[in-house]
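For the sequence shown, UniProt numbering begins at 1 and goes up steadily by one.
Heads up, the beta-carbon is just placed ideally off N, CA and C, and yes, glycines get one too.
Computed from a predicted structure; not experimentally measured.
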Amino acid sequence: MIVLETHLPGKRGFFQKLKPHLEGLGFHIAGKNNKREGCFDGILTSQGGKRLYLSLPYQVIQEEHGQPSVQIEFGRPLIINHAVHSDLNSFQQNDWKLAGEQAVQQIINHIDNNL
Numbered sequence: 001m002i003v004l005e006t007h008l009p010g011k012r013g014f015f016q017k018l019k020p021h022l023e024g025l026g027f028h029i030a031g032k033n034n035k036r037e038g039c040f041d042g043i044l045t046s047q048g049g050k051r052l053y054l055s056l057p058y059q060v061i062q063e064e065h066g067q068p069s070v071q072i073e074f075g076r077p078l079i080i081n082h083a084v085h086s087d088l089n090s091f092q093q094n095d096w097k098l099a100g101e102q103a104v105q106q107i108i109n110h111i112d113n114n115l
C-alpha cells in the first residue's frame with residue numbers, strides 16, 4: 001500500500017453527484033461500505049498478473065433529511081497492490097506514487113470543472 005500526498009483529502013461533494021463522474025472515470029464503490037464511510041476504487045494499472053488499484057476513501061459528513069444525497073469528504077488516496085506474492089521495490093513505488101498522484105490530480109480537476 002502506498003499513501004499518496006495530494007490535495008484530495010478534505011475535498012467535499014454530494015455523493016449522488018460525484019458517483020456518476022467517478023464511475024465515468026472507471027471507479028466503483030468497493031468493499032464493505034457502510035452508511036458512514038466507503039471508498040471508490042479504480043484500476044491504476046494491470047500488467048502481467050499485477051494489478052494496482054487507486055483507492056479514494058471517503059466519509060459521510062452530513063446527512064440531511066429531505067435531501068437527495070449525503071455530503072462526503074475524501075480522505076488520503078492510496079495505491080493498493082492486489083498481485084499475489086508480489087512486492088513493489090522502492091524504484092517502482094516512486095514511479096507508481098507519481099502515477100497515482102497524477103491520476104488523483106486529474107480526478108480533482110474533473111470534479112472541480114464538472115460539479
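In this structure L4 touches P77 by the C-beta definition: roughly 5 Å separates them, less than 8 Å. In the three-state scheme derived from DSSP, where H, G and I count as helix and E and B as strand, P77 is classed as coil. Taking C-beta atoms under 8 Å as the contact rule, I61 and Q71 qualify, at a distance of about 5 Å. Out of H110, F40, D112, D95, the CA that lies nearest to the CA of H28 is found in F40. For T45, the CB contacts under 7 Å within the same chain, skipping 5 residues up- and downstream, are L52 in chain order.
Its chain contains I108 as the residues whose beta carbon lies nearer than 7 Å to that of H7, once the 5 sequence neighbours on both sides are disregarded; these appear in chain order. For V60, the beta-bridge partners assigned by DSSP are I72. For the pair G42 and L18, the CB atoms are not nearer than the 8 Å cut-off. With fewer than 16 other CB atoms across the displayed protein chains lying within 10 angstroms of its CB, L98 is exposed.
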